[in-house]
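Have a look at the structure below, then the notes.
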Amino acid sequence: MKFGIFIYDGVEPIDLATFGVLSMARRIRPEIEIHTVGPVAGPVRLSNGLVVLADYALADAPSFDVLIVTGGPGWVEESRRAETLDLLRERSQGTLLVSVCTGAMILGASGVLEGLRATTKREVVPPEFPPIRQMTDLYPGIDVVEASLVDEGHVITGGGVSLCIDATLHLLDRLFGGNVAAETARIIEYQRAWSANLEQFPPLVRRPV
């Protein structure tokens, strides 16, 4: 199963925990493939200077089963990049789209969240404006909710920052079953935190009719 992780200038490095969780899950399910994707291939400068290499440009990347859109302060600029938004709309046909943190703001700008429930980052350092409130203001066609994640079937939006770990574990649960997700949570020593988050801040999952 192929996972693409979309990165761009200004991504918050902690959002690459999505890559880390999938990397650990490969010990259990070695068929997992992980690739980084950017607006262009090559170096991507994350927030505060870390440089990561994008394996592919989004326009030239192979098909993925799952495409994860990361977040960070660079979302503002990336959500104005018409090519990125067009390509995300194209990828939404036949690919499970997932956002973590403010990656949901980019999905919102692309229109793929229109008419759906979605969530994003809630907590900020004043005087920053909470992204979850920005989402409500910028994209009135989205039903913005506070949740650890929202699974609408073909699109999943995750909460802020460290909740990217929970969103990735949810993905593993959905795609490979609870045993794989639980074992991954154990080997990354996150099982107690995941259980606490599920109890205190449960996900919203659309159930099949």
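First residue of the sequence shown? That's 1 in UniProt numbering, and the numbers climb one at a time after it.
All C-beta atoms, glycine included, are put in the ideal place defined by N, C-alpha and C.
So the candidates are the options; which of them puts its Cα closest to the Cα of residue i?
i      : options                        : result
Asn48  : Leu149, Ser148, Val11          : Val11
Tyr56  : Phe3, Val205, Thr18, Gln93     : Phe3
Arg133 : Val144, Leu58, Ser23           : Val144
Leu171 : Ala109, Ile68, Gln200          : Ile68
Glu199 : Gly141, Phe129, Asp166         : Asp166
Ile187 : Tyr8, Gly20, Glu123            : Gly20
Ile14  : Leu163, Trp194, Glu189, Pro202 : Leu163
Leu169 : Ala182, Gly159, Gly74, Phe201  : Ala182
Asn197 : Gly160, Val180, Leu175         : Gly160
Leu88  : Trp75, Leu175, Glu77, Leu107   : Leu107
Ala61  : Glu90, Gln191, Ala109, Arg27   : Glu90
Pro30  : Gly111, Met1, Val37            : Met1
Val205 : His35, Ala104, Arg117, Ile34   : Arg117
Assign residue i to one of three DSSP states: helix, strand, or coil.
i      : result
Arg117 : strand
Thr18  : helix
Ile132 : helix
Glu152 : coil
Ser63  : coil
Leu198 : helix
Glu12  : coil
Arg174 : helix
Ala57  : strand
Thr168 : helix
Val209 : Low per-residue confidence applies at Val209: pLDDT is 41, beneath 50, and the placement is therefore not dependable enough to give any value.
Arg192 : helix
Leu46  : coil
So the alpha helix (DSSP H) residue i belongs to, where does it begin and stop?
i      : result
Ala109 : 103–110
Val180 : 178–187
Val76  : 75–78
Return the Cβ separation of residue i and residue j in integer angstroms, given the expectation that the two are a contact with Cβ distance under 8 Å.
i      : j      : result
Thr184 : Thr157 : Going by Cβ atoms, the distance from Thr184 to Thr157 rounds to 21 Å, so no, they are not a contact pair.
Val100 : Thr70  : 6 Å
Gly141 : Gly115 : 6 Å
Asp9   : Val44  : 6 Å
Ile7   : Ala41  : That pair is no contact at about 11 Å.
Thr66  : Ser92  : Residue 66 is actually Val in this sequence, not Thr. Going by Cβ atoms, the distance from Val66 to Ser92 rounds to 12 Å, so no, they are not a contact pair.
Pro127 : Met105 : Pro127 to Met105, Cβ: 19 Å. No contact.
Gly103 : Trp75  : 7 Å
Gly72  : Leu50  : Going by Cβ atoms, the distance from Gly72 to Leu50 rounds to 11 Å, so no, they are not a contact pair.
Check for me: the beta strand (DSSP E) holding residue i runs from which residue to which?
i     : result
Asp86 : First-last for Asp86: 82–91, but that is the alpha helix (DSSP H), not the beta strand (DSSP E).
Ala54 : 51–54
Pro39 : Premise fails: Pro39 is in no beta strand (DSSP E) and is neither H nor E.
Ser99 : 96–99
Ile5  : 2–6
Please decide whether residue i counts as near chain D, where near means a Cβ-Cβ distance under 9 Å.
i      : result
Glu146 : Absent from the structure: chain D. Only one protein chain is present.
Assess contact between the stretch 86–105 and the stretch 151–170, defined as three or more Cβ pairs (one per stretch) separated by less than 8 Å. Is contact present?
yes
Segment contact flag, the stretch 72–91 with the stretch 20–32, C-beta cutoff 8 Å, min 3 pairs:
No, because fewer than three Cβ pairs between the stretch 72–91 and the stretch 20–32 fall closer than 8 Å, the two stretches do not touch.
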